[in-house]
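Asker:
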Amino acid sequence: MAKDGTNRGGSRIGAGRKPKSLHDKIQAGQDAQVIDLPTPTNLEGHVMPPVKEYLKAKQKNGLEFDAADIFKKTWEWLVERGCERLVNTQLIEQYAVSVSRWIQCEECISKFGFLARHPTTGNAIASPYVSMSRDYMKQSSQLWFQIFQVVKENNATTYQGSTPQDDVMERLLRSRKGMN
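Per the UniProt record's numbering, the very first residue in the sequence shown carries number 1; after that it's consecutive.
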């Protein structure tokens with residue numbers, strides 16, 4: 001207890017040892033709890049949830065909104081790992097929108113530059129797209145870590161290969177080159 005009578009201690013979010021992945025637990029010979037989902041009789045013809053309209057909406061600048069494509073790629077990636085039932089669809093939608101907005105901000109930075117003009121004084125100021133881009137990038141990373149944590153904890157094999165997050169970087173680089 002502090003001098004002013006308030007309790008300031010206690011557990012902190014994100015503090016402590018990080019949980020081991022399922023693969024690491026199996027390798028170490030520890031007991032591992034796996035969510036036991038019933039095996040479907042027919043694995044073919046997997047149905048993806050319908051893409052919401054706001055993920056496909058035309059943008060004010062007339063360009064396509066990339067969120068629907070990002071949603072589909074992330075969903076397909078989860079299906080390949082057998083974790084699509086474990087991740088909430090809304091989380092995937094939030095991730096797709098956040099990544100798409102981040103790409104839009106980066107395109108605006110490429111188009112308008114890092115500096116803007118102050119509305120009243122006319123002096124040079126930092127472009128608002130820079131801070132918006134940073135915020136969307138942080139949000140996208142946090143959402144991706146939540147999705148990837150579910151995959152990591154529920155996959156019996158280690159994952160190696162590209163992720164939809166890697167594809168986002170490729171898409172961003174292509175949009176800057178004008179290849180998209």
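Cβ coordinates follow ideal geometry from the N, Cα and C atoms, glycine included.
1) Assuming Tyr-136 contacts Arg-171 (C-beta within less than 8 Å), just tell me the rounded distance between them.
2) Whole beta strand (DSSP E) runs in the region 59-121 with 3 or more residues, listed along the chain?
3) Residues in the same chain with beta-carbon distance under 6 Å from Lys-18, minus the five sequence neighbours each way, listed in chain order, please.
4) Please state whether DSSP places Ile-125 in a helix, a strand or coil.
5) Taking the C-alpha atoms as reference points, what is the distance between Asp-36 and Arg-8?
6) With 16 other CB atoms within 10 Å as the buried threshold, where does Val-87 fall?
7) Looking at the secondary structure, which residues open and close the alpha helix (DSSP H) in which Asp-36 lies?
8) Thinking C-alpha only, which one of Glu-64, Phe-112 and Trp-75 is nearest Trp-144?
Answerer: Based on what the coordinates show:
1) About 14 Å; that fails the 8 Å criterion.
2) 115-117
3) none
4) strand
5) 40 Å
6) buried
7) Counting along the chain, Asp-36 falls outside any alpha helix (DSSP H), and DSSP gives it neither H nor E.
8) Trp-75
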